[in-house]
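Visitor:
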Amino acid sequence: MTSNNPSVFLLMVNGQIESANFPGYDDLYCKYCFVYGHDWAPTSGLEEGISQITSKGRDSCQRLVWNFPLDITFKSTNPFGWPQIVVSVYGPDAFGNDVVRGYGAVHVPLTPGRHTKTIPMFVPESTSRLQKFTSWLMGRRPEYTDPKVVAQGEGRDVTRVRSQGFVTLQFNIVTKDMKKLGYDTTSTEQAPATHLAGTEQPYGT
Amino acid sequence: MSTSSDLREKLRKKRRALQESLGKVKDDTQALVPSDSDVTKESDHTAVEELTGRGDDPGETLRRSLKAQRMKRKKKLLEEMSVEIPPEEEVVKAEVTAVQELEYEQEELSEETPAEGARSARLQRDLPPLPVLRADSSLSESSMRQRVREKLIVAKSKASRKMKQETSREPVSRLQGLRDRELLTRFDREADPDLHEEESSFAARVKFRDAARQATRDKRAETGLPTAEEAYNFFTFNFDPEPQERRCKGRTKRRSRRREGEEEEDELDQGEEEEEEEETEMEREHEGEEESRDRDEDAPLVRDEEDDLFIIDQSAQDFLEVKKAEYIGYNRRVLREREILFTPSMRPVPASSKLPENVQPRYLEEEGLYVGERPPVSLSNQNILENRILKQDQGRKWFGDDGRIMALPDPIKESSSRPPLYHLEEELDPALQTAYRKALKSKYVNRYIAGVGDTQGDYQLDVDVSGLIFSHHPLFSREHVLGARLAQFYDQYLSRQHKNLTCLLTDKLNGLRNTIRNMLELHSGEGISHVTQQRIAEYKQEVRHTRQLRDSEQEKDRTLLKSIIKVWKELKALREFQGFTNTPYKLYIRKEEVQRALDEREQEAEILAEVAELQAESEEDYERKMSEYRRQLEEWKSWRRKQKALKKKQKKRRQQSQDADEEEEEDEHSEEELGEEPVKPEAPEKPDIAGLEQQVHEKACRIRRKPGEPVLVPELTASSPITPNEQCPRGEFARREDVAKRSLFIKVLYNDKEVSRTDSRSLNMDFRVHFGQIFNLKIVNWPESIKLQIYESVSSSSSPLAEVCVPVPESSVLTGSAPSEELEFSSNQRVTFNHEGVGSDVPFSFAADGSNRQTLLTSGKLSCCVSWAVGEDDVPLAPPSSQSGAGMHSGLRQMDAIACIGASGLNDMKRLGKWAAESRLDPNDPSNASIMQLLSVASGGEVAVPDYFRLEQLQEEFNFLSDEELERSRRFRLLRLRSQEVAEFRHFKTIPATEREISEKVFEDYERRLKEGELVDTKEHIDAHRALVAKYLQKVRESVINRFLIAKHHYILSDLVVEEEVPSIGVLGLNLFKLAEPKRPLKPRRKERKKVTAQNLSDGDIKLLLNIIRGYDIPIRKPHTSKPAAAAKSARSYTETFTAAASSQTALQGNEWPLGQPVIRPFVEVTFQRTVLQTSTAEGPNPCWNEELVLPFSAPNGDYSTSSLQAVRDEVFINIFDEVLHEVVEDERERGSTVHTRIERHWLGSIKIPFSTIYLQSRIDGTFKVATPPVLLGYSKERSLGSEGGYDAIRSLSEGTFLTLFITIEPQLVPGDTIREKMKDVKFDTQEVERLLLACEIFEKDASQRFPDRPCLTTVVDINGKSIFITRFIRPLAPPQELLDAFPNNLQEATELVARYVSLIPFLPDSVSFAGICDLWSTCDQFLTLLAGDEEEHAVLLCNYFLSMGKKAWLIIGTAIPEGPTAYVLTQEQNRYLIWNPSVGQYYGQYDTFCPLQTVGCLVNADNVWFNIQVYAAPMRMSFDVTKPKFWKPFFSRSFPDPGLSSVQPEELVYRRIDKAAAAELQDRIEKVLREKIMEWRPRHPTRWNRYCTSTLRHFLPKLELSGGREVAEEHRLELQSLLGDYRISGFPLHLPFSEIRPIIEAVYSTGVHNVEAPNMEFALAVYVHPYPSNVLSVWVYIASLVRTR
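Chains U and R supply the protein sequences, listed in that same order. All residue numbers for the first sequence refer to this note's numbering, where the first residue is 37 and numbers rise by one. All residue numbers for the second sequence refer to this note's numbering, where the first residue is 234 and numbers rise by one.
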């Protein structure tokens, strides 16, 4: 495995869908899936998952905690089409029908290390008020034909959405052989924090 | 000297210092335990202490205390282990040696030349006092802590303290101790240098720096408060928390250890002293020689620690007070809140309170003024707001005259979108106008130096502030002012002397003169060349210039000298006047005698030379002037002449008419004119040589010293004694006092942030301040500005005096080599004093009478030096030079040559060139290289300034590869092709990351395809023409696909969002009605299933469901007895077909069949994707199977996407077979006991349905006609067994076998017709008029709204992707003449032939060729060229033929089974309507039950389109009379008449001639291929061919073709029968249109003839290809199996 001329680089993603903040909704569960480009292939781990149903915490912040682990490894030859995670949250409405509470997507972070991401979530809107009413009544809210739509820009112009809540994810990223293939994801601009803190300290002995 | 003992000592010192501060705080109480105990100790060891006390330097104390702090973390170890510490000390020493040396040097210097202290101080390298400050801060900090501890002790342990007090000694000794300490602190900086040398190295190091600090500390000691500066330092400095903590830790550890010791000692019940002794003894053991030096100082140390001990017992609880939570009752809270809160009421406010008193509301609207509509606000909110506003002060100003809140008109526009642009041109309300603000750049972007994170990225700036000199200060006395002026002049003098410009210029002048002389000598006599002449002229010019310069310089020198002397005189006068001396200035003037004679000669020569030059110049000048004069004179004269002529004319005129007055006026006027015109030029004077000489002399004596006059050299010294303070008058004394109070310090600001500051130094009498401090700035940000701020402090307050900006040094400027710069500063503060100080910005005068007032501003010079530090290994710690300065412009620089010389604003080439020529840039200077290049380019001509400009001039910068390289790279190519969705690469996954992993082979196919686009591979195709067509089709398809790929990326809402549709009222009502409907369990209905998107599917998920219900009119077996039929159907007439003729065959019921055998045993076999399933066998000609067959479906390549599913070309073959049981009687004897039968299956007919149809229709339900061969050997059509007449009458209209089927896909897939839907959104190129298109849209929309299930077409897309109105396709076109000639007398026959001809053109569904994109309509000539098309093309062609044949024909757009949406042709024949299926060539009557056409959407002919608005859409139940507007809605009506659309069809179709030879050849090839195939399909059995039969069949086939496939069967059968009497023959002819050979093979295979496995089986195969014009071929394949019966 430790060849000097790797042909692929690996991206190891683990982390968790930590919690969500959906004011006014309770008993939610979420699904996730990954969307990635042609040159990407998952080598191990689950590409899709569905979490348990969680209820709101009793504390003041009322978070919905899933702590749903993610663990997947991708291999790729090309950073184009970098994986995105698509999270969709579902839960019962007032009549007990399972309706969608939010869609959201975020790119898996590029740099190795620990990242916490908060994704704003949104749901497609009904096309008319009447439809809104009927969909509310019947518990059949508009949904995306494919949740993966939220990870792509194509065709989004025809939809209208309403934002709704946040989901917090945590990623731990490990990459392998990126540099060997000539992709440098660590920023050179960014100086380590210690240097920044020590800016312009006069010193002398 | 420096050993561990030093360390210990330092520690002690520090403790003592703490103690001291504590003592000071508590001085008044006089009863302090620590000091007491301290004293105790002191008295014990007084002698020793005194010794050490004197030996100590206060600075050293501090220094050491600092050291001690640093060493704390090691301390524990050090204590435990013995002596080994030296390495530590060495390190410390090494750190400071350099500095020490410098300081020594400085001291020596200052001793030698005390007056020049300020200047020499510049060289000093002192270091900032940071560590000292730290020590200070920690001192104050700990003193605070001490205080707290003290209090605690007082509160807590009084008893123990009392005990200690008892042990303490008398206060005398304590005082002594204090005195000692005072001695220490008062140690002055003027300590003996010898002493320093003797002392340890620390003393020397610290002493100098601490002098100033000492003073402040003293002050603090007095007040007990930190000074402002200290406080500042306390809050601004970064305290390193870590060492502190560790120190604490160390301390506690030690403490605990100590405590153990104490406990032990407590047990011994000893006093504290003893304990201390123990302690010191311990230390003595550790430290060896110096043990007893400071034993007393251990005491405070231990006391401290004891205090710490106490504090350990304390916890937070001791300081916190626990109380009950306060609760305020609700009512009380409400009451209280009411005081604070205000709740505006919702009630309307009376108008009176809103308006000023006695004012009636005034309504502008009523006065007729326009008032805009106010934004809608609910009344209650408005009331609340009004109430709230009224509560405020001046609340009324918010109300307008009408008593309402002022509001702008509603800014929200009616339209929800952006307002159209023309609104912007109107004048907006100023309040709504957009204000333009320039974008702000983030301050800190791009300021980090790249590479700081790296190890070598340490950048350090050294800022050396050496000192400042005031050239004016408010505290200057008058004498100072003069002195400063004198000094200034003298400085000027010195610098001039240093530059010696005069001398330089004189030399230059002489050199130039010599050159001219030489040149003239060289060319003397000879003609001077033009070039030389020019050069001489230039030199002369230069001489002139230089001489002027020299003269001015000389003059300046002279005046400077004069003013020096003048000021000195003034100064002397002032000193005498005021009677004391303030400044040490003293001017000596040295005279240097010169040799008078020599001097005179030199001067004379100089003057002469000058005179000569001047003469030459003036002569030249004269010449020039003369020529000018002549020219002017000439001009004047000519003018004069003209004038005269004019005058004469005028006079004449005047004499004629004008009166005298006017004359005069005129005269004046003309005189004026004369005067105005060029004055008569005066001849220039001859240059006055004598005058010149005189001038030169005068000048010489003005600016030069007189010949023989001694050279005066002023020398300014500061040696004059200054009158001591006591002898000065009061004013002066006050001034001096004031001066002494002042001190100055300098803040260093880096990027506008204060980073450091100097010590404050007191202002001296000479107004020079010396700092001599270097600040090392370690930088992370780009240096943008370095500023030095000068602050002046009087007592404790300080004020900024001035600010100096220091330029950021070039990266080559390094510490050590950088010269110190003098930067001038000034401030315009106004300062006045009531003493002798002259103040600043205040007028004052030197004279006693107050005349000659002048005003001076504070100003001075700051000498400092900023440079980049040099690292340990001589590496400059400067950022890379390429980035120095404006790092972010580096990119631009390369592009803009002008920008890199710093003048980016200069873009006028000419001006630049001019400037360069004037400034005489050195072309060889590398720093000028770029500008020189630019100039050479500019002067080169054509390139000068481009008239164009590029938009992406920086594009080059962003190209990371050159285009060629990009082109060459296989990887990039692959990626690009994939993103272009090129078919070969569209589904490529994981393209390798590196180039080498991609082989060239990847592109081979693609390239070949590109290359062979035109070449045709004839091998694959039997017919060359077909191959060409195939290629062409491929190309069209590709171009169309490319066109639609874009459209594919166009989304509509339903693609993305699933939304339940709102049930309309009608549907709701129906549903409600349905609820009430009685349940009919015996009449089940098919339910709608949920559609599944074809994404998450895999192989095996999709199944094809086939429900075979029943069959009609399946042919029945015929006995093969050779009995000719009674009625041969030879004379079958056209009309007979339509009349319900009684079947002649009815009688032919075979009684020959044995009773046990039924007439037929049919079963259905379904073949799909090579899966074969069959139903059970039923009996009779009208069987009922009612069976469901489930066929698995797998998509090509496992790709279940919509597009891929649409491209599936597989077909479902449904074959009807007859199962024939033959008794194989091998032995007659066994007949009774065993039955041997052989099952044979005879093909009777088939239906094929393309999968794409099923997929698009999602279900197919209906009765289909089975394609039966025209001749079925051994079978005959069985007619209506026992049927009643009526039914028979209807049914017999169409002959043939029928099968009722239901086909669907499970699960139901969402058909890919979404793209079709989308196509409506995509606008195609079109040539139609906009109005027409609009009408089309409306028409179609209306149609689909009213009858959603009726297809309506008005515009279609042609093969070029343009949308065209449908009627343009209809135009009468003549069919091939051959067809018409075939039946010249029988129109009916000809019609059928034409239909047959059309149906022979191969059928190629659009949905397959253009993968579900849309229908493409090709014109008839295109269709005939392509020889492939789907229903529309066939229908259009057929319709056009019919029209040309004089029939009334329409195109029907409707839906049929199984094609789905399709096009048929309608003709009107003798009050009947016939419906033609163009792709089959069959026709149906309007009332034909089995007509596949199910709905009729619209009718099209060349003139109009009619949409069906009748109740029913089935052809049987509707009227085709398009003239009735009740039934048909025309597109072109009276309101929208036909604009007269021209047809897209050609005028005439050109047919290619029949090529019989090619047909024959093809025939042979097909036959050969089929033979091979059949043999191939029968691998286990020999295949024998019966030649005789074959030839018979071959003869028969052309007859079949001629008869159009109608029943010539009887004769044929008989013929065969007669020929092959011994054989049982089963076989049939197949008829196909020809496109490729593959479908033929498929068709033959599907009949299963080859499957007959009887041992003595023989086969016969005949192929006949009949050519029609334009290469339309009709292929007949006759295949038969023969079994010898005996």
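Glycine included, C-beta positions come from ideal geometry on N, C-alpha and C.
1. Please tell me whether Ser1409(R) and Val1441(R) are closer than 8 Å, where the distance is taken between their beta carbons.
2. Residues in the segment 51-76 of chain U with C-beta within 8 Å of chain R's C-beta atoms, listed in sequence order?
3. Would you call the CB atoms of Leu1047(R) and Pro962(R) closer than 8 Å?
4. Got a sec: is the Cβ-Cβ distance from Gln503(R) to anything in chain U below 8 Å?
5. Could you pull the start and end residues of the beta strand (DSSP E) that Val981(R) belongs to?
6. Any C-beta of chain R sitting closer than 8 Å to the C-beta of Pro178(U)?
7. Which residues in the same chain have their Cβ closer than 8 Å to the Cβ of Met639(R), if we skip the five residues on either side of it in sequence?
8. Since Glu190(U) meets chain R, which of its residues come closer than 7 Å, beta carbon to beta carbon?
9. Quick one, are the C-beta atoms of Thr1700(R) and Ala1682(R) less than 8 Å apart?
10. Does the beta carbon of Thr1530(R) fall short of 7 Å from some heavy atom of the ligand MN?
11. I'd like to know if Val1002(R) contacts chain U, where contact means its C-beta is closer than 8 Å to some C-beta of that chain.
12. Counting only beta-carbon separations shorter than 8 Å, does Arg1928(R) have a partner in chain U?
13. Compare the C-beta of Asp1288(R) against all C-beta atoms of chain U and say whether one is closer than 8 Å.
14. Within its chain, find whatever has a CB closer than 6 Å to the CB of Val1896(R); leave out the 5 residues flanking it on each side and keep chain order.
15. List the residues of chain R whose Cβ lies closer than 7 Å to the Cβ of Thr113(U), in chain order.
16. How big is the Cα-Cα spacing for Gly201(U) and Arg580(R)?
17. Which residues in the same chain as Ile1536(R) place their Cβ atom closer than 6 Å to its Cβ, once the five residues preceding and following it in sequence are excluded?
18. Measuring only between beta-carbons, confirm whether Glu1017(R) sits less than 8 Å from chain U.
19. Looking only at C-alpha atoms, which of Pro105(U), Pro59(U), Val136(U) sits nearest to Arg99(U)?
20. What residue from Arg711(R), Leu1633(R), Val929(R) has the CA that sits closest to Phe810(R)'s CA?
21. According to DSSP, is Ala1913(R) part of a helix, a strand, or is it coil?
22. To the nearest angstrom, report how far apart Ile1807(R) and Gly1860(R) are at their CA atoms.
23. Check whether the Cβ atoms of Thr950(R) and Lys802(R) lie closer than 8 Å to each other.
24. Against Val1777(R), what residues of chain U qualify as contacts under a CB-to-CB distance less than 9 Å, listed in chain order?
25. Are there 16 or more other CB atoms within 10 angstroms of the CB of Val1562(R), so buried, or fewer, so exposed?
26. Using the beta-carbon of each residue, which ones in chain R are nearer than 8 Å to Ser80(U)?
27. Is Ser124(U) close to chain R? Criterion is C-beta to C-beta, closer than 8 Å.
28. Can you find the residues in the same chain that come closer than 7 Å, C-beta to C-beta, to Arg783(R), ignoring five residues on each side of it along the sequence?
29. May I ask which residues mark the beginning and end of the alpha helix (DSSP H) holding Pro1831(R)?
30. Contact check, Leu1089(R) vs Ser1073(R) under 8 Å by CB: the rounded distance?
31. Hey, how far is the Cα of Asn1384(R) from the Cα of Ile1472(R)?
32. Say whether chain R places a C-beta atom closer than 8 Å to the C-beta of Thr221(U).
33. Using a Cβ cut-off of 7 Å, pull out every chain R residue sitting near Pro160(U), in sequence order please.
Guide: Reading from the atomic positions:
1. Using a Cβ distance threshold of 8 Å, Ser1409(R) and Val1441(R) do not count as a contacting pair.
2. His74, Asp75, Trp76
3. no
4. Because the pLDDT at Gln503(R) is just 46, under 50, the model does not fix this residue reliably, and the value given afterwards should be weighed accordingly. Chain U contact via Cβ: absent.
5. 975-983
6. yes
7. Trp631, Phe632, Gly633
8. His1282, Tyr1284
9. yes
10. The ligand MN is not part of the structure shown, which contains no ligands of any sort.
11. Not closer than 8 Å to any Cβ of chain U, the Cβ of Val1002(R) fails to qualify, so no.
12. Not covered by the structure: residue 1928(R). The range shown for chain R is 234 to 1919.
13. yes
14. Gln1796, Ile1799, Glu1800, Val1910
15. Thr1223, Ile1224, Pro1225, Ala1226
16. 38 Å
17. Leu1339, Ile1487, Ile1493
18. no
19. Pro59(U)
20. Arg711(R)
21. strand
22. 14 Å
23. no
24. Per Cβ cutoff of 9 Å: no residues; Val1777(R) is ~34 Å from chain U at best.
25. exposed
26. Correct list: empty, because the minimum Cβ distance to chain R is about 16 Å.
27. no
28. Closer than 7 Å at Cβ, skipping near neighbours: Thr735, Leu738, Thr739, Leu742.
29. 1820-1835
30. 7 Å
31. With a pLDDT of 40 at Asn1384(R), under the threshold of 50, the modelled position of that residue is not reliable, and no figure is offered here.
32. no
33. Val1290
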